[in-house]
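Numbering (this note's numbering), first residue to last: 5 to 78.
Ideal Cβ placement from N, Cα and C applies to all residues, glycine included.
Nothing here was measured: the structure is a model prediction, and the numbers come from that model.
Below, the structure written as structure tokens:
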């Protein structure tokens with residue numbers, strides 16, 4: 005627990021980069037006994053039904069590239 009009494013945090017982000025957000029936040033709070041809850045927002049930018057369209061594939065691949073870069077850098 006922090007000195008200010010925070011026991012849990014809810015993190016809201018876009019669905020298409022929630023995986024990267026969760027990796028980063030879990031690393032940042034790894035030594036702090038705090039409960040993390042992740043909740044994707046619905047902004048309409050990412051469509052699970054159309055994942056195979058070129059724009060969606062680019063979005064997905066860019067997120068995986070960002071995850072790899074983060075893991076290499078940190």
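Spell out a yes or no on whether the stretch 34 to 41 and the stretch 6 to 26 are touching, meaning 3 or more CB-CB pairs, one atom from each, closer than 8 Å.
Contact between the stretch 34 to 41 and the stretch 6 to 26 is present: 3 or more CB-CB pairs across the two stretches fall below 8 Å.
Quick one: using the 10 Å Cβ neighbour count with 16 as the cut-off for buried, is residue 68 buried or exposed?
With fewer than 16 other Cβ atoms within 10 Å, it is exposed.
I'd like the span of the alpha helix (DSSP H) that includes residue 57, first residue to last.
Premise fails: residue 57 is in no alpha helix (DSSP H) and is neither H nor E.
Taking the alpha carbon of residue 76 as the reference point, which residue from 21, 27, 19 and 18 has its own alpha carbon closest?
27
What are the boundary residues of the beta strand (DSSP E) that residue 42 is part of?
39 to 45
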